[in-house]
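Residue numbers (mature numbering (1 follows the signal peptide of the UniProt record, and there is no 0)): -34 to -1, 1 to 482.
Every residue, glycine too, gets a C-beta built ideally from N, C-alpha and C.
Keep in mind the model is a prediction, meaning the values are calculated, not measured.
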């Protein structure tokens, strides 16, 4: 009898220990899920178009492309109404010309929130307010009231119990970071310390994040090629060409990470070490004037495709590996009404009709935009390429490149036209698709380029065509991907999966408690 009692007591102790372990696991998972939000890719929506689509058309494009996060440069009523009940997470903005008024009047801020936020939530999923854009570098006279404007906006949200749902911040140009390489030596422009210190205190106290605009294109351009193009475009670098921070010995393989880490170090210089960063703008122009030779379709495609892959893989940065750096691509549309050089009008992913400027190369990685249409990109000979170099590249593709060039033989479907350009295009495309359209597989020493037009002709069907007519259909369905975080379905499964684990663990805890 005594033995049985002792055994029963021992069983109870073991059960209690199991309960404590399960409870601890439950709490850890709960706190982890709350703190570690999955990274996302969003897009900025500018409106300087001569033929700007109406809000309904914009939302239709967002849905078709599975874009789940957007940033507006204002709080346009029609746009916010069109976004209602879509679930799309929206960052709205206080335009720069309204900051002085809001920063000097709590009532003005409250009216702004009432008119632009309260009138639309919860139907429209507004999750952040960007107070101005690059205020410290473009509107210095508003700098002294910037933090006041943010505080007044936040106070209005608190009054409506929306402060935990909607975060307040302000986007900064990376130019306010001085001595940015090596990143460990970076610091904010000391002129703005009276603003940056209270601003960072505000972000910390409200659990918000630093908004940062990161443009490796401009860093590369202003460096007079001291920065290698591959380093700016996220292309793979041999270890000997990686940039090394001599103070931390951290290795940097791209400009984007170096700039983000410079911001982390600049914050730590002011004793702020726990404020996350969201990149509110980043991209690459697809066209430029004669002084902008690197603003090309291929470079824009390479940068944005690699950026999306880098963010969604949750790579983080060398200083904070695995810490999400969610990013908004600049931008959804080409804005033809923007002033300045040609590149200013050509940052968009789509034209006003919703047709992609180029087809993002995301095959085999996370997908975020439905304009990743497998087998609808082609590798062809570049116009004006040197014929001898084309011939050498053709010989390589049909030899060491192991491309089946038999369709190019006399009497076969792709023999005509019997030109090096035509034959090279077929061989290039065959190699490109045999290598799964991977980065760097359509280069051939600079004589090849990516095209979205099907080069097939007559009975000569190019490998990338597979019998298709090459016509882009907006809203092409997405291929499933384990890395996708914003393609609707998978994102919801991920989130509900987290809640499912919590409920199962809670059930086990309660079940165990009953039988103790």
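- Item | 4-residue-minimum alpha helix (DSSP H) runs that sit fully inside the stretch 92 to 149, ordered along the chain | 101 to 104, 109 to 125, all fully within the stretch 92 to 149.
- Indicate whether the contact test is met: 3 or more Cβ pairs, each with one atom in the stretch 308 to 319 and one in the stretch 356 to 366, closer than 8 Å. Because the criterion of three Cβ pairs below 8 Å is not met, the stretch 308 to 319 and the stretch 356 to 366 do not touch.
- Item | Unbroken beta strand (DSSP E) run spanning residue 189, endpoints | No beta strand (DSSP E) holds residue 189; DSSP gives it neither H nor E.
- Should residue 186 go down as buried or exposed, given a rule of 16 or more other Cβ atoms within 10 Å for buried? buried
- Item | Host beta strand (DSSP E) of residue 515 (start-end) | Lying outside -34 to 482, the shown extent of the chain, residue 515 is not represented and no answer is given.
- Out of 236, 235, 228, 250, which has the shortest C-alpha to C-alpha gap to residue 243? 228
- Task: Find the nearest neighbour of residue 204 within the set 108, 217, 125, 264, judged by alpha-carbon distance.
- Result: 217
- Nearest candidate by alpha-carbon position, reference residue 512, set 374, 9, 17, 10: As displayed, the chain neither begins before -34 nor continues past 482, which places residue 512 out of reach and without an answer.
- Query: What's the gap between the Cα of residue 258 and the Cα of residue 195?
  - Reply: Those two C-alpha atoms are separated by around 13 Å.
- Message: Taking the alpha-carbon of residue 103 as reference, which of 7, 224, 312, 179 has the nearest alpha-carbon?
- Response: Here the closest residue by C-alpha is 179.
- Message: Here's the rule I'm using: 16 or more other beta-carbon atoms within 10 Å means buried, otherwise exposed. How should residue 197 be labelled?
- Response: buried
- Message: Which runs of the beta strand (DSSP E) at least 3 residues long sit entirely within the stretch 242 to 272? Give them in chain order.
- Response: 243 to 248
- Message: At the level of alpha carbons, what is the spacing between residue 157 and residue 141?
- Response: 13 Å
- Item | Where the alpha helix (DSSP H) through residue 166 begins and ends | 159 to 171
- Determine the DSSP secondary structure at residue 316, reduced to helix, strand or coil. strand
- Query: Do the stretch 137 to 156 and the stretch 107 to 116 meet, that is, are 3 or more Cβ pairs less than 8 Å apart?
  - Reply: no
- Task: Could you tell me if residue 240 is buried or exposed, where buried requires 16 or more neighbouring beta carbons within 10 angstroms of its beta carbon?
- Result: exposed
- Task: List the endpoints of the continuous beta strand (DSSP E) containing residue 178.
- Result: 176 to 179
- Message: Assuming contact is defined by CB atoms lying nearer than 8 Å, are residue 413 and residue 352 in contact in what I supplied?
- Response: yes
- Query: Taking C-beta to C-beta, are residue 14 and residue 301 nearer than 8 Å?
  - Reply: yes
- Along the chain, where does the beta strand (DSSP E) that runs through residue 483 open and close? No answer is possible for residue 483: it lies beyond the span of the chain, which begins at -34 and ends at 482.
- Message: Let's test the definition: count the other Cβ atoms within 10 Å of the Cβ of residue 213 and tell me whether it reaches 16, buried, or not, exposed.
- Response: exposed
- Same chain only: Cβ atoms within 8 Å of residue 175, ignoring 5 sequence neighbours per side: 133, 135, 169, 241, 242, 243, 244
- Query: So, using beta-carbon positions, are residue 101 and residue 62 closer together than 8 Å?
  - Reply: yes
- Three-state secondary structure (DSSP) of residue 55: strand
- Message: For the pair the stretch 62 to 82 and the stretch 27 to 34, tell me if three or more CB-CB distances fall below 8 Å.
- Response: Contact check between the stretch 62 to 82 and the stretch 27 to 34: fewer than three CB pairs, one atom from each, fall below 8 Å, which does not count as touching.
- What residues match up with residue 414 in a beta bridge as DSSP calls it? DSSP lists 347 as the beta-bridge partner residues of residue 414.
- Item | Start-to-end residues for the beta strand (DSSP E) that takes in residue 294 | 293 to 295
- Does the beta-carbon distance from residue 22 to residue 50 come in below 8 Å? no
- Do residue 268 and residue 201 have their CB atoms nearer than 8 Å? Yes, the Cβ-Cβ distance between residue 268 and residue 201 is below 8 Å.
- Message: Buried or exposed, going by whether 16 or more other CB atoms sit within 10 Å of the CB of residue 221?
- Response: Its Cβ being crowded by 16 or more others within 10 Å, residue 221 is buried.
- Message: For a quick check, are the C-beta atoms of residue 324 and residue 236 less than 8 Å apart?
- Response: Cβ atoms of residue 324 and residue 236: not closer than 8 Å.
- Range of the contiguous alpha helix (DSSP H) that encloses residue 308: Residue 308: not part of any alpha helix (DSSP H); DSSP gives it neither H nor E.
- Message: Between which two residues does the beta strand (DSSP E) holding residue 213 run?
- Response: Looking at the DSSP string, residue 213 is not in any beta strand (DSSP E), and its letter there is neither H nor E.
- Might you give, ordered along the chain, the residues of its own chain that have their beta carbon closer than 6 Å to the beta carbon of residue 387, omitting 5 neighbours on each side? 347
- Message: For the alpha helix (DSSP H) containing residue 67, name the first residue and the last one.
- Response: Taken as a continuous stretch (DSSP letters only), the alpha helix (DSSP H) holding residue 67 covers 65 to 69.
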